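Notes for the one structure printed next.
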Amino acid sequence: TRARLASSGSSIYKALKCKEPASADLLSYMHLLYEACPYFKFGYLSANGAIAEAFKGEDRVHIIDFQIAQGTQWVTLIQALAKRPGGPPHVRVTGIDDSVSAYARGGGLHIVGQRLTRFAKSCGVTLEFHPAVLSGCEVEPAHLWVKQGEALAVNFAFQLHHLPDESVGTMNHRDRVLRLVKSLSPKVVTLVEQQSNTNTAPFFPRFAETLNYYTAIFESIDVTLSRENKERINVEQHCLARDIVNIIACEGA
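The working numbering puts the first residue of the sequence shown at 1227, with every later residue one more than the last.
Structure (structure tokens):
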């Protein structure tokens, strides 16, 4: 709250981003969080199930992921496509991530792409990866490499709440991006979000929503990890703290 009143939230958030751990360590922390909190895993599996259903009978498919992170969501989908009767389709993935993220910094998105491509190959699936190093607010059609003859899926996993709407500014990036996605005529759009409204301007409603949501997450972690556990501290610092600062002090943008 003090950061928000002093208008220092953005600088605190950027400082936290700069202290991100190595990619392998962050992947380990994220995996631990997913195991401790069922919400993330359930959301990813539900989205993948909808995409797999939409891709039935398609020979060439394209996934646009508006927050690819480490790309771990797509492991189970690749495995499912590999087992598809008649053989797997040719898969293209366009992974979007902002330029200040550890995933994108220093060619990090290319590393994510290489990891996914290698895993897909081990499953007998041909996968092409296209990195888009920019924030969701900056996305234009030219960044997405959409081609004719491909079944298209667009994935918003815990990302849409980071796009400000009309209550935050006149630009209304959220609606612009949704109109852009609609213009692409995808076969399916998957949306995974926390059950809270954290990207609107009024501070106190946003604070209450954030408190309720993260209370549930911390209660889930309490069941599996003690508060003194070093791994838990890393999870809280590197996977949760930045999002909380972003929501409270940066208007959730």
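Think of the CB as a built atom: it goes at the ideal place given N, C-alpha and C, for glycine as much as any other residue. Quick caveat: nothing in here was measured; it's all calculated off a predicted structure.
Check: Give me the DSSP bridge partner(s) of His1399.; Outcome: His1399 pairs with nothing; no bridge assigned.
Check: What do you reckon, are the CB atoms on Asp1251 and Ile1294 nearer than 8 Å?; Outcome: no
Check: Taking the DSSP output, what are the residues bridged to His1356?; Outcome: Thr1320
Check: Distance, Cα to Cα, Pro1367 vs Val1415?; Outcome: 16 Å
Check: Grab me the residues of Pro1357's own chain with a C-beta within less than 7 Å of its C-beta, minus the 5 sequence neighbours each way, in chain order.; Outcome: Gly1321, Leu1335, His1336, Gly1339
Check: Note down, in chain order, each residue of its chain lying with its Cβ closer than 8 Å to the Cβ of Ala1280, except the 5 sequence neighbours on either side.; Outcome: Ala1377, Ala1379, Lys1413, Val1414
Check: Check Ile1294 in the structure and name its three-state DSSP category.; Outcome: coil
Check: Might you give, ordered along the chain, the residues of its own chain that have their beta carbon closer than 6 Å to the beta carbon of His1382, omitting 5 neighbours on each side?; Outcome: This sequence places Phe at residue 1382; His is not what is there. Hits under 6 Å: Phe1292, Leu1417.
Check: Could you check where the alpha helix (DSSP H) with Leu1335 kicks off and where it finishes?; Outcome: 1334 to 1348
Check: Less than 8 Å separating the beta-carbons of Leu1258 and Val1461?; Outcome: yes
Check: As a quick exercise: from Val1359, His1288, Gln1305, pick the residue whose alpha carbon is nearest that of Ser1348.; Outcome: Gln1305
Check: What residues in its chain sit with their C-beta under 7 Å from that of His1369, if we drop five residues either side in the sequence?; Outcome: Ala1358, Leu1360
Check: Here's the rule I'm using: 16 or more other beta-carbon atoms within 10 Å means buried, otherwise exposed. How should Gly1283 be labelled?; Outcome: exposed
Check: State yes or no: is the C-beta of Gly1319 within less than 8 Å of the C-beta of Ile1277?; Outcome: Reading the sequence as shown, one finds Val at residue 1319 and not Gly. Going by C-beta atoms, Val1319 is not nearer than 8 Å to Ile1277.
Check: Taking buried to mean at least 16 other C-beta atoms within 10 Å of its own C-beta, is Gln1420 buried or exposed?; Outcome: buried
Check: Looking only at its chain, what residues have a beta carbon closer than 6 Å to the beta carbon of Met1397, apart from the 5 residues adjacent to it on each side?; Outcome: none
Check: By how many angstroms is the C-alpha of Val1407 removed from the C-alpha of Arg1468?; Outcome: 27 Å
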